[in-house]
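Q:
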Amino acid sequence: MVTSASASATPAVVVENYRLISIECTAAPSGSAGDDWFVYRIAQGKNMATGYRCGSRGDVGAEVERIVNALNVRLLVKGQRYRSAGRPPKPPPRLKTLG
């Protein structure tokens, strides 16, 4: 799903949702045991994230869907595009009082 900001004087911002690309069986990652590992790929536009999960196909699929849904919920906060908690904006200048 692609959403855009409401029409205004500024150009609309297009926000692409995260989506599950694939879940495939794979060998255990280095240093891990077991033979029930899966590799999954999640994309948002051109960005791709790859992760590994151990478990049954059904459990891994359900967990990855929860991850995708949580990422999409974070995309929009109060109707605006999600912004990371990076550097906070500068506060407005303080007024000096005379006295």
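Numbering (this note's numbering), first residue to last: 520 to 618.
Just so it is clear, CB atoms sit at the ideal spot from N, CA and C, and this is done for glycine as well.
Span of the alpha helix (DSSP H) holding Asn591?
A: As a first step, residue 591 is located in the sequence shown; it is residue number 72 there, counting from the start. Looking at the DSSP string, the run of the alpha helix (DSSP H) that includes Asn591 is 576-594.
Q: Counting C-beta neighbours from all protein chains within 10 Å, is the total for Val592 16 or more, i.e. buried, or is it exposed?
A: Here residue 592 refers to the residue found at position 73 of the sequence shown. Flag for Val592 reads exposed.
Q: In terms of residues, what are the limits of the beta strand (DSSP E) holding Leu539?
A: Here residue 539 corresponds to residue number 20 of the sequence shown, with the count starting at 1. Element bounds for Leu539: 538-545.
Q: To the nearest angstrom, report how far apart Leu539 and Trp556 are at their CA atoms.
A: For this step, residue 539 is matched to residue 20 along the sequence shown. For this step, residue 556 is matched to residue 37 along the sequence shown. Computed Cα separation, rounded: 17 Å.
Q: Could you give the distance in angstroms between the alpha-carbon of Tyr537 and the alpha-carbon of Lys609?
A: In the sequence shown, residue 537 corresponds to position 18, counting from 1. In the sequence shown, residue 609 corresponds to position 90, counting from 1. As the crow flies, the alpha-carbon of Tyr537 is around 31 Å from that of Lys609.
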